[in-house]
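Notes for the one structure printed next.
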Amino acid sequence: MIHLEKLNKTYPGVQPLHVLKDIDLSIEQGEYVSIMGASGSGKSTLLNVLGILDDYDTGRYMLDDKLIAGLSEKKAAVYRNKMIGFVFQSFNLISFKNAMENVALPLFYKGVARKKRNQLALDYLEKVGLKEWWHHYPNELSGGQKQRISIARALISQPRIILADEPTGALDSHTTDEVIQLLSEVNAEGITMIIVTHEKSVAEKTKRIIHLKDGFIESDTINVPNLATCSK
Ligand code: ADP
Ligand code: MG
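With this note's numbering applied, the sequence shown corresponds to residues 254 to 485, in that order.
What follows is the structure, encoded as structure tokens:
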């Protein structure tokens with residue numbers, strides 16, 4: 254479903270920075286992939302290109318056989334909303350909305366009526382084990398709870414791909430296990446899961462590990478997931 258061919262991206266500036274270099278990458282529906290690499294190696298840039306949050310310069314990005322290049326913001330948003338859910342290290346929850354309202358937010362933007370979107374949000378909160386917490390605000394929740402809420406928010410649009418940028422970067426080891434377990438369950442339902450991480454214990458839960466180095470794919474290997482709990 255995802256095909257990159259000789260994809261290049263440079264951040265312009267006084268000293269232009271060539272961050273993605275001739276990336277060739279194919280990811281099929283339902284895969285469970287981690288992207289590792291040192292800080293600055295281009296992981297987030299690659300994820301942002303995959304998520305149509307950022308453009309690229311040369312090469313091709315095909316998503317479901319559609320060429321993703323030079324799209325208007327409106328068109329990019331249509332593809333994103335239809336296909337992709339995002340999970341971020343810093344959760345990106347809205348502080349003045351409770352858990353249910355945060356999860357419901359993508360449906361607000363799709364014009365779904367309040368009662369319906371809140372009901373669906375409760376269903377997704379239940380799925381991540383937090384239904385009882387629906388009325389709590391982000392500052393009343395632990396890091397692990399916040400990340401599970403942000404996963405529920407990603408799922409409510411029924412995406413086919415989830416892109417997670419260091420989803421456990423702000424969590425302790427126990428909570429990391431819980432969050433990765435949840436992402437593994439989501440993948441087991443058929444959603445393509447792509448996780449950027451610099452934690453080996455997290456990558457080892459996935460079925461394919463890609464290493465980026467200075468904007469190149471250094472290695473791309475099948476992994477037999479280690480089902481034991483992670484330890485940082
Ligand atoms: P990673 O996620 O692997 O740490 P990034 O993709 O965030 O790497 O960044 C790759 C390189 O590009 C870094 O050197 C970073 O400083 C630079 N960079 C990231 N975003 C921008 C931007 N918007 N403009 C200019 N340079 C950027
Ligand atoms: Mg990054």
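Note that beta-carbon positions come from the ideal geometry of N, C-alpha and C, so glycine has one too. Computed from a predicted model, the values in this text were never measured in an experiment.
- The beta-bridge partner set that DSSP reports for Val286 consists of Ile447, Arg461.
- Environment of ligand 1, chain-ordered: Tyr264, Leu270, Val272, Gly290, Ser292, Gly293, Ser294, Gly295, Lys296, Ser297, Thr298, taking every residue with Cβ within less than 6 angstroms of a heavy atom.
- When the beta-carbon positions are compared, Met353 and Ala374 come within less than 8 angstroms of each other.
- At least one heavy atom of ligand 2 lies closer than 7 angstroms to the C-beta of Asp418.
- Non-local beta-carbon contacts of Phe341 in its own chain, meaning distances under 6 angstroms to residues more than five positions away in sequence, involve Asp418 in chain order.
- In the three-state reduction of the DSSP assignment, Tyr390 falls in the coil class, being assigned neither a helical nor a strand state.
- Between the alpha carbons of Val331 and Gln411 lies a gap of roughly 14 angstroms.
- Judged by DSSP secondary structure, Asp376 falls within the alpha helix (DSSP H) whose first and last residues are 367 to 380.
- DSSP places Val267 in the coil class of the three-state scheme, outside both helix and strand.
- In the same chain as Trp386, and ignoring 5 residues on each side of it, the C-beta atoms closer than 6 angstroms to its own belong to Ala352, in chain order.
- Cβ-Cβ distances below 8 angstroms link Lys380 to Ala405, Leu408 in the same chain, with the five nearest sequence neighbours on each side left out; the list follows chain order.
- According to DSSP, Asn261 shares a beta bridge with Thr311.
- Where Val340 is concerned, the enclosing beta strand (DSSP E) starts and stops at 337 to 341.
- Between Thr474 and Ser287, the gap from beta carbon to beta carbon reaches 8 angstroms or more.
- At the C-beta level, Val432 and Gly397 come within 8 angstroms of one another.
- Between the alpha carbons of Ile276 and Asn261 lies a distance of about 7 angstroms.
- Straight-line measurement puts the Cα of Lys368 at about 11 angstroms from the Cα of Leu360.
- When Cβ pairs closer than 8 angstroms are counted between the two stretches, the stretch 461 to 471 is seen not to touch the stretch 422 to 440, the count staying below three.
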